[in-house]
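Residue numbers (my numbering): 2 to 182.
So, in structure tokens, the structure goes:
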């Protein structure tokens, strides 16, 4: 009887600990915005290769870092309208850095371009927006690299929270981003 009660208490304590971790993650308790690294170590270009599921940070043609990514839930093809689940293709720029994102941190991609907007308007559809490079959604940091097992975003580029912190520290507003098929 004593062992059974001890096991039950241990299970309760583990459950409460796990719930506390998920709650702290969900509320983003302790999250801080990483400072930008020194200019020579910042990316002057970001390349996302959708087919390879890879994001590369470059400086003067030199690779600073590469990261595996998840994409929109319908990864093939260029984003054409809101809700299509596609990650856009083309050349854009980082529009802003968001330290208070619903994901861990995020970098806004300047999609839609004027051409994307015109094409969507000609079809009578909204082009969509809010395309980001971002970490895992609040409360899901425990998923870690397992997020790469499937394409799960609404059209964004998803990475782990640790990877997002490293990317966020190396990418400033205005940095060009090329998203390739």
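Glycine residues also receive a C-beta, built at the ideal position from the N, C-alpha and C atoms.
Item, Value
"Is residue 24 helix, strand or coil by DSSP?", "The predicted position of residue 24 is uncertain, since its pLDDT is 49 and thus under 50; a value taken from the coordinates is nonetheless stated next. Residue 24 falls in the helix class under three-state DSSP."
"Using 8 angstroms as the threshold, is the segment 164-173 in touch with the segment 29-49, meaning 3 or more CB pairs across them?", "yes"
"Look up residue 99 in the DSSP assignment and give the residues it is bridged to.", "107"
"Please report how far the alpha carbon of residue 130 lies from the alpha carbon of residue 4, in whole angstroms.", "56 angstroms"
"Within a Cβ cutoff of 6 angstroms, which residues of the same chain sit near residue 164, ignoring the five residues on either side of it in sequence?", "68"
"Just tell me which of 124, 149 and 178 has its CA closest to the CA of residue 53.", "149"
"So within the segment 126-182, which uninterrupted beta strand (DSSP E) runs reach at least 3 residues, ignoring any that extend past its ends?", "133-135 and 177-181"
"Return yes when the Cβ of residue 132 is within less than 8 angstroms of the Cβ of residue 100, no when it is not.", "no"
"Residue 162 and residue 105 - do their beta-carbons sit closer together than 8 angstroms?", "yes"
"Specify the secondary structure class of residue 63 as computed by DSSP and reduced to three states.", "strand"
"Could you spell out the range, first to last residue, of the beta strand (DSSP E) harbouring residue 34?", "Element bounds for residue 34: n/a, residue is neither H nor E."
"From this set, 175, 46, 176 and 142, which residue's C-alpha is nearest residue 160's C-alpha?", "142"
"Return helix, strand or coil for residue 46, following the three-state DSSP convention.", "strand"
"Restricting to Cα atoms, I'd like to know which of 75, 181, 180 and 174 is closest to residue 44.", "174"
"Return the residue from the list 57, 81, 70 and 75 that minimises the CA-CA distance to residue 125.", "81"
"Less than 7 angstroms between C-beta atoms, sequence neighbours within five positions excluded: which residues of the same chain meet that for residue 158?", "49, 56, 70, 72, 88 and 134"
"Determine whether the beta carbon atoms of residue 107 and residue 94 lie at a separation below 8 angstroms.", "no"
"Which residues in the same chain as residue 177 place their Cβ atom closer than 6 angstroms to its Cβ, once the five residues preceding and following it in sequence are excluded?", "46 and 94"
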